[in-house]
Amino acid sequence: MDTISFLPQFGSIFMTLLAFVVALSAIVAVHEYGHYIVGRWSGIKAEVFSLGFGPVLWSRRDQHGTQWQVALLPFGGYVKFKGDADAASAQSSENVRAMTSEERRETMAGAPLWARTATVAAGPVFNFVLSILIFTAVMMTQGKVAEPLAVGSLNPLPAEGITLQDGDELIAIAGIEVPEFGESDQFDPFIEKLPAEPLLEYRVLRDGREVSAQGPYPMPPLVAQLAPQSAAFDINMRAGDVITAVDGTPIHSFAELKEIVEGSEGRALELKVWRDGETLDFALAPRRMDEPQSEGGFQSQWRIGIAGGLAFEPATERLGPVEAVSRGTVQVWRIIEGSISGLYHMITGAISSCNMSGPIGIAEVSGAMASQGAESFIWFIAVLSTAVGLLNLFPIPVLDGGHLAFYAYEAVSGKPPSDTALRILMTAGLALVLSLMGFALFNDIFCP
């Protein structure tokens, strides 16, 4: 093999792995810190806080007696509490029985039920809090679209004769009054009514005067964002590309592109793409995707993996912290709802099980999001953190949700499950988790 030709591929693999490790390490660190800090507040002593597994590369012991360490294999982490037999928090009954009552109180086994419950639940909760904080920060940075809708900055487009300017406040386009941007039930039908032409007449408010200007179709076939592992991403299309023709037919709106792709039945499409003043030729085949619907359920559609956007960046205004936190919380809830719905529909066979990704798929998405910029990558970390928090709440032994189920049983019955029952359930839970991991890895390798 030509070593030089392999270098770009190696660089891509390295960046994908690096992005995956960074994302996973951040999420695991926050998750385990939740266990650690709430456990400490609850009187449970942590002996080891490890980021990674295997040989220890660096460590130090703090004033509370906890050893903080970074290990060689950066694919996870753990907190080992006093009395734990191993990193999985399995209790060493003999060691605990040999302790004094004061020492037992510092272990997970000897702590009150409320302390154990709070400590275990803190991991997933901290994941959700991390997601909310990231979404909040991104939304505050981006701001919200100001009303009435105005041009913040025009995106580069192939159309000539544009006289629309930055700062113009939109009154009407092609004789149709512009509704509020935030009202999708009004704005979307407004876009659909506009003629799909490269230039339209705009009535705008400019410097306090109402004037006429020539501007592009508001929703051109512009690539605003690329979906990882999509047909468009795989052929190296970029954000900012404008698709000017499909199979030799000129198009001027994103709706035209969407209609052609959905009606393609997966056949290969020839695209002409305008990029920075050049016209490029691409060929791709749409892929069938299972998409969640606002009213519930999923619908399969042919997609090439691009999200459209306006021909201009709208003027924005500051988003207050309270509204940003509210929107961030709603975003986390939507991810949880979508994940549970997707899992249910996979189990019932309503959608393909290929929607479940394993470590390879997650790593590829990590690298893809990192390649689209820091903001996209940070947003992805928030999405993944929510998914990790939700997964850990599933009532499967060895996961946090399994421990919480044991504690619920103890709260009702007045005593914990027997050691024999715990061993059987933990073994079954571990087998189930490993089976799911193996299934997800199979999907990564064999799903199209």
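Numbering (our numbering), first residue to last: 36 to 483.
All residues carry an ideal CB built from backbone N, CA and C; glycine is no exception.
Quick check on residue i: does DSSP put it in helix, strand or coil?
i    : result
I431 : coil
V258 : coil
F517 : In the structure as shown, the chain starts at 36 and stops at 483, and residue 517 therefore has no counterpart that could be examined.
F333 : strand
I286 : coil
E305 : strand
G436 : helix
P159 : helix
P214 : coil
S299 : coil
P230 : coil
P452 : coil
K179 : strand
A144 : coil
Y68  : helix
P191 : coil
Q98  : coil
P327 : strand
Taking the CB atoms as reference points, tell me whether residue i and residue j lie closer together than 7 Å.
i    : j    : result
P349 : G187 : yes
K80  : K117 : yes
I416 : A58  : yes
P430 : A446 : no
G340 : T51  : no
V367 : T421 : yes
G158 : H99  : no
D325 : F317 : no
A231 : S288 : yes
S85  : Y113 : yes
G377 : D479 : no
P321 : R338 : yes
G436 : L425 : no
K228 : I211 : yes
Q484 : I197 : This structure cannot speak to residue 484, because the chain is shown only from 36 to 483.
A475 : M391 : yes
Is it buried or exposed, residue i, if we count other Cβ atoms within 10 angstroms and call 16 or more buried?
i    : result
P285 : exposed
V357 : exposed
G89  : exposed
P251 : buried
R238 : buried
Q44  : Because Q44 carries a pLDDT of 44, less than 50, the predicted location of this residue cannot be relied on, and no value is offered for it.
W76  : exposed
K293 : buried
E313 : exposed
Y71  : buried
S265 : buried
P191 : exposed
N271 : exposed
Roughly how many angstroms separate the alpha carbons of residue i and residue j, rounded to a whole number?
i    : j    : result
E139 : W103 : Correcting the residue type first, residue 139 is Arg in the shown sequence and not Glu. Computed Cα separation, rounded: 22 Å.
V258 : S411 : 15 Å
E372 : A133 : 46 Å
M254 : I167 : 30 Å
L108 : G217 : 46 Å
L92  : D119 : 22 Å
G464 : F477 : 20 Å
G243 : F225 : 25 Å
L304 : P193 : 21 Å
G355 : I62  : 26 Å
R323 : L467 : 29 Å
C389 : G363 : 28 Å
Would you list the residues sitting across from residue i in a DSSP beta bridge?
i    : result
I341 : L261
W93  : V105
F317 : L306
Q249 : E236
For a cutoff of 7 Å on Cβ pairs, would you count residue i as touching chain D?
i    : result
A417 : The displayed structure is made up of one protein chain only, and chain D is not part of it.
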